[in-house]
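I have placed the structure first, in the form of structure tokens, so that the comments after it can refer back to it.
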Amino acid sequence: MFFGLTENVQDLCIAVPWGEIRGTVWGPDHGRPVLCLHGWADNCGTFNALLPFLPKDFRYVAVDLPGHGCSSHRPPGVLYAFPSYVLDVRRVVDALQWSRFSIIGHSMASVCCFLQFSALYPEMVDAVVLLDSYGFIPTDPVCLPTRSNLLHLKLNSEPQKIGHDVCTVRKQSRKLRV
Numbered sequence: 108m109f110f111g112l113t114e115n116v117q118d119l120c121i122a123v124p125w126g127e128i129r130g131t132v133w134g135p136d137h138g139r140p141v142l143c144l145h146g147w148a149d150n151c152g153t154f155n156a157l158l159p160f161l162p163k164d165f166r167y168v169a170v171d172l173p174g175h176g177c178s179s180h181r182p183p184g185v186l187y188a189f190p191s192y193v194l195d196v197r198r199v200v201d202a203l204q205w206s207r208f209s210i211i212g213h214s215m216a217s218v219c220c221f222l223q224f225s226a227l228y229p230e231m232v233d234a235v236v237l238l239d240s241y242g243f244i245p246t247d248p249v250c251l252p253t254r255s256n257l258l259h260l261k262l263n264s265e266p267q268k269i270g271h272d273v274c275t276v277r278k279q280s281r282k283l284r285v
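For reference, each letter of the sequence shown is one residue, going 108 to 285 in the working numbering.
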């Protein structure tokens, strides 16, 4: 349970081409929107201890990124790469119909979803909070329009298989050893 933040708590389920992105929503419908993104091998529950210390009149949405928590895994052979997580964030905010929001990103999410997303879509992000962050993203203005256009094109497409799935590679490597 979310200590001190039990009112207006709802489960979230957003349909994506490979299944669902799940999460939890706290706060009033009209509250200032804040997207909360967890780190590697974690889930949206990571914000349980933090939210009681934040303003109660905000609208917090914490999601389980694909392959984490209650969200669906990507199809076999589709990579869990930073650009894919950026697309996932865009899918979530589009489903929520948020045009401008704040982001709290923890660890992996602070880099892959958070810094990259806010660099690609600065008009959508009004504030950022990094928790246990590392690294940086280049923001060369020459690169941003191209990357942004590619992400928009891919946003509504099905995930593409990259290479072989792990089982196929394992079988092929065993044949080579014999």
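Beta carbons: idealized from backbone N, C-alpha and C, even for Gly.
Distances from the alpha-carbon of residue 145 to those of 223, 210, 230, 226 put 210 closest.
One thing to note: residue 238 has its Cβ within 8 Å of the Cβ of residue 217. With fewer than 16 neighbouring CB atoms inside 10 Å of its own CB, residue 160 falls in the exposed class. In this structure, the beta-carbon distance from residue 199 to residue 158 does not fall below 8 Å. Only residues of its own chain outside the window of five on either side were considered, and among them 209 have a CB closer than 7 Å to the CB of residue 234, listed in chain order. Boundaries of the beta strand (DSSP E) harbouring residue 166: 165-170, taken from the DSSP string. DSSP places residue 200 in the uninterrupted alpha helix (DSSP H) bounded by 189-203. Residue pairing of residue 140 in beta bridges, as defined by DSSP: 166.
Under the three-state reduction of DSSP output, residue 151 falls in the helix class.
Residue 156: not part of any alpha helix (DSSP H); DSSP gives it neither H nor E.
A straight-line Cα-Cα distance of about 37 Å links residue 186 and residue 163. One Cα belongs to residue 171, the other to residue 147, and the distance between them is close to 10 Å.
Out of 132, 131, 195, the CA that lies nearest to the CA of residue 124 is found in 195. Per DSSP, reduced to three states, the secondary structure at residue 185 is coil, with no helix or strand assignment.
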